[in-house]
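Residue numbers (full-length UniProt numbering), protein chains in the order written: chain R, 1 to 282; chain W, 1 to 246. Below is one structure, written out as structure tokens; comments come after it.
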């Protein structure tokens, strides 16, 4: 079974996670830039983070046989902080990098005017750079937030088939799919979605244009949720081809719109023999 | 290794060749552009502090719109692999740097703002640019990295020419630690010959590995043998025998 986790924050995870993900079948992932839990206070802090998503983290992933790509953006929460908004001016030089496969995570947190501006500006950046966009839907007031997001996408130069609306649930999936966008679901131990609810969504809405991710980060989360959804799908009677579509072909099709996906990472060899990541001076 | 322009022309398709021609022309234009006071200020600033994101000041003189704007050839530098194929990306990026006669401000910016692959291409090209030892902060930065692609690119001819003895010895040791083949170290034999301090460091490292019950890297023996003075080959038993390897 091959798995593509289209949304996971590996910067916050350990090499044990990389190894467990590889063993579970994960061969590719996309790491969106997002809020780190601790607010940033300057654009330079974002630049170091972006550089890590373009440098060190892909190296770490490659040590475990996993292809790493990223999405870069000013996240919705920090779009409200005037100390951080100059990041928008610097994004063009980052969006030309090889492993950037979308602009993201963008979207709404509290639905403020500053978030309106950042969302519209970054959808335009995606259109200008011929990149798709990964759009986070808000945790609070989700359905209203989804509708407002879809309105902004419609007003943008980016076609809906270039947009992935993420963190959806039973109440938002219909409208998201009807908009022509792709639909993403984050499977969490406690919040967002769980495996069985995800299987029910797939039963009701089919397997087209639907992506499943772990969105694992620094909070309580599980980087193997993608595999657990795959197992739950098979148990519920979905075919292996259905599983491959949702957990591999759909994310490849969506992020492949960037023209920048490279999925041929060599399998790890000596790494599974007891060496941890190569670190000078260990 | 880097491929020449002639070899690239023979291998690239028409669209890629046209893209490369345009990119090199933009780089040449930038090289011909008179240096401004801002460039000079940035150059000395970058020389003084390699860690600063110091390119912005120079670019502000070219494009007042954004403090983050870059010359067009620098944007092409990032996209080289997508237009000419990833296997040619190092060579194309290197050609761009040479064609632009990239000053320290540019290479510092391209390195600091670059992906690992873009940084590697800067490191691989340093010896082809007229930089003296001013780019050493970039080499030192790469040698602090644990990304083996950067470490390997950092120990090329530029490091052989300019790294001070202490830093150079640590670079050799770093290669052994991170399993970068010592074959990547430019002029290893020349610089090692008669280097008793490097020999001591290698011997200590071998002893540490042996004490831990871990194998001594074969490359360590290779490097250690090269430290013998000219005409005095090192005895084959100079490194402590490992306890567990074959």
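Even for Gly, the Cβ is constructed at its ideal location relative to N, Cα and C. Keep in mind that this is a model prediction, so the values were computed, not measured.
Indicate whether at least one CB of chain R lies closer than 9 angstroms to the CB of residue 195 (chain W). Position 195 of the second chain, counted from the first residue, corresponds to residue 195 (chain W). No, because no Cβ of chain R sits closer than 9 angstroms to the Cβ of residue 195 (chain W).
Inter-residue CB distance, residue 230 (chain W) and residue 193 (chain W) (contact presumed, cutoff 8 angstroms): Locating residue 230 (chain W) in the second chain gives position 230, counting from the first residue. Locating residue 193 (chain W) in the second chain gives position 193, counting from the first residue. Confirmed, Cβ separation roughly 6 angstroms.
Could you work out which residues of chain C lie near residue 147 (chain W), taking near to mean beta carbons separated by less than 7 angstroms? In summary, chain C is missing from the structure at hand, where the protein chains are R and W.
Please report the distance separating the alpha-carbon of residue 52 (chain R) from that of residue 232 (chain W). One-based indexing of the first chain puts residue 52 (chain R) at position 52. One-based indexing of the second chain puts residue 232 (chain W) at position 232. If you take the alpha carbons of residue 52 (chain R) and residue 232 (chain W), they lie about 46 angstroms apart.
If you reduce the DSSP assignment to three classes, tell me which class residue 71 (chain R) lands in. As a working mapping, residue 71 (chain R) is identified with position 71 in the first chain. DSSP places residue 71 (chain R) in strand when its eight states are reduced to three.
Against chain W: residues of the segment 88-117 of chain R by CB proximity under 7 angstroms: 89, 90, 93, 96, 97, 98, 99
Would you mind stating whether residue 26 (chain R) and residue 191 (chain R) have Cβ atoms separated by less than 9 angstroms? One-based indexing of the first chain puts residue 26 (chain R) at position 26. One-based indexing of the first chain puts residue 191 (chain R) at position 191. Not in contact: residue 26 (chain R) and residue 191 (chain R) (Cβ atoms no closer than 9 angstroms).
Using a Cβ-Cβ distance under 9 angstroms, would residue 279 (chain R) count as near chain W? In the first chain, residue 279 (chain R) corresponds to position 279, counting from 1. Per-residue confidence for residue 279 (chain R) stands at a pLDDT of 45, beneath the threshold of 50, marking its modelled position as unreliable; the derived number appears in the next sentence. True, the Cβ-Cβ gap to chain W drops below 9 angstroms.
Considering only DSSP beta bridges, list what residue 136 (chain R) is partnered with. As a working mapping, residue 136 (chain R) is identified with position 136 in the first chain. DSSP output for residue 136 (chain R) lists R:107, R:166 as bridge partner(s).
Selection from R:35, R:230, R:95 that minimises the alpha carbon distance to residue 54 (chain R): Translated into the one-based positions of the first chain, residue 54 (chain R) becomes position 54. The residue with the shortest Cα to Cα distance from residue 54 (chain R) is R:95.
Comparing alpha-carbon positions, which option in W:106, W:23, W:191 lies nearest residue 226 (chain W)? Here residue 226 (chain W) refers to the residue found at position 226 when the second chain is read from its first residue. Considering only alpha carbons, the answer is W:191.
Short CB-CB distance (under 9 angstroms) between residue 260 (chain R) and chain W: As a working note, residue 260 (chain R) is residue 260 in the first chain. Yes, its Cβ sits closer than 9 angstroms to a Cβ of chain W.
Give the straight-line distance between the Cα atoms of residue 1 (chain R) and residue 244 (chain R), rounded to the nearest whole angstrom. Along the first chain, read from residue 1 onward, the residue named residue 1 (chain R) stands at position 1. Along the first chain, read from residue 1 onward, the residue named residue 244 (chain R) stands at position 244. The alpha-carbon atoms of residue 1 (chain R) and residue 244 (chain R) are separated by roughly 7 angstroms.
Taking 9 angstroms as the CB-CB limit, is residue 51 (chain R) close to chain W? What you label residue 51 (chain R) is simply residue 51 of the first chain in a count that begins at 1. So, interface residue.
Under a three-way DSSP split, which group does residue 107 (chain W) fall into? For the purposes of this step, residue 107 (chain W) is identified with residue 107 of the second chain, where counting begins at 1. Correct three-state label for residue 107 (chain W): helix.
On the DSSP letters alone, give me the boundaries of the beta strand (DSSP E) that residue 114 (chain W) sits inside. To locate residue 114 (chain W), count along the second chain from 1; it is residue 114. No beta strand (DSSP E) holds residue 114 (chain W); DSSP gives it neither H nor E.
Whole-number beta carbon distance between residue 125 (chain W) and residue 98 (chain W), since they are thought to touch under 8 angstroms: What you label residue 98 (chain W) is simply residue 98 of the second chain in a count that begins at 1. What you label residue 125 (chain W) is simply residue 125 of the second chain in a count that begins at 1. Confirmed, Cβ separation roughly 7 angstroms.
Exposure of residue 4 (chain W), with buried meaning 16 or more beta-carbon neighbours within 10 Å: As a position in the second chain, residue 4 (chain W) is number 4, starting the count at 1. Per the 10 Å Cβ criterion, exposed.
Looking at the strands, I want to know which residues DSSP matches up with residue 213 (chain R). Within the first chain, residue 213 (chain R) is the residue found at index 213, counting from 1. Paired residue(s): R:186.
Where does residue 29 (chain R) fall in DSSP's three states? In the first chain, the residue the question calls residue 29 (chain R) occupies position 29. In the structure shown, residue 29 (chain R) sits in a strand (DSSP, three-state: E or B).
C-alpha distance - residue 87 (chain R) paired with residue 43 (chain R), whole-angstrom precision: To locate residue 87 (chain R), count along the first chain from 1; it is residue 87. To locate residue 43 (chain R), count along the first chain from 1; it is residue 43. Computed Cα separation, rounded: 5 angstroms.
Counted within 10 angstroms of its Cβ, other Cβ atoms place residue 63 (chain R) as buried (16 or more) or exposed: As a working note, residue 63 (chain R) is residue 63 in the first chain. Per the 10 Å Cβ criterion, buried.
Helix, strand or coil for residue 27 (chain W) per DSSP? Reading the second chain from its first residue, position 27 is the one you call residue 27 (chain W). Residue 27 (chain W) falls in the helix class under three-state DSSP.
Assigned secondary structure, residue 12 (chain R) (DSSP; H/G/I helix, E/B strand, else coil): Indexing the first chain from 1 puts residue 12 (chain R) at position 12. It is helical.
Of the residues W:33, W:163, W:34, W:118, which one's Cα is nearest the Cα of residue 92 (chain W)? Against the second chain, residue 92 (chain W) aligns to sequence position 92. Of W:33, W:163, W:34, W:118, the residue nearest in Cα terms is W:118.
Using a 10 Å radius around the Cβ and a threshold of 16 neighbouring Cβ atoms, would you call residue 38 (chain R) buried or exposed? Position 38 of the first chain holds residue 38 (chain R). Classification of residue 38 (chain R): exposed, given that the 10 Å Cβ count is below 16.
Using the C-alpha atoms, what's the distance from residue 252 (chain R) back to residue 65 (chain R)? Against the first chain, residue 65 (chain R) aligns to sequence position 65. Against the first chain, residue 252 (chain R) aligns to sequence position 252. Each residue's alpha carbon lies about 17 angstroms from the other.
At what residues does the beta strand (DSSP E) containing residue 3 (chain R) begin and finish? Residue mapping note: residue 3 (chain R) aligns to position 3 of the first chain, counting from 1. It spans 3-5 - the beta strand (DSSP E) in which residue 3 (chain R) sits, taken as one unbroken run.
Please look up how many angstroms separate the CB atoms of residue 215 (chain W) and residue 209 (chain W), rounded, as I've assumed it's under 8 angstroms. In the second chain, the residue the question calls residue 215 (chain W) occupies position 215. In the second chain, the residue the question calls residue 209 (chain W) occupies position 209. Indeed they touch by this definition, with Cβ atoms about 7 angstroms apart.
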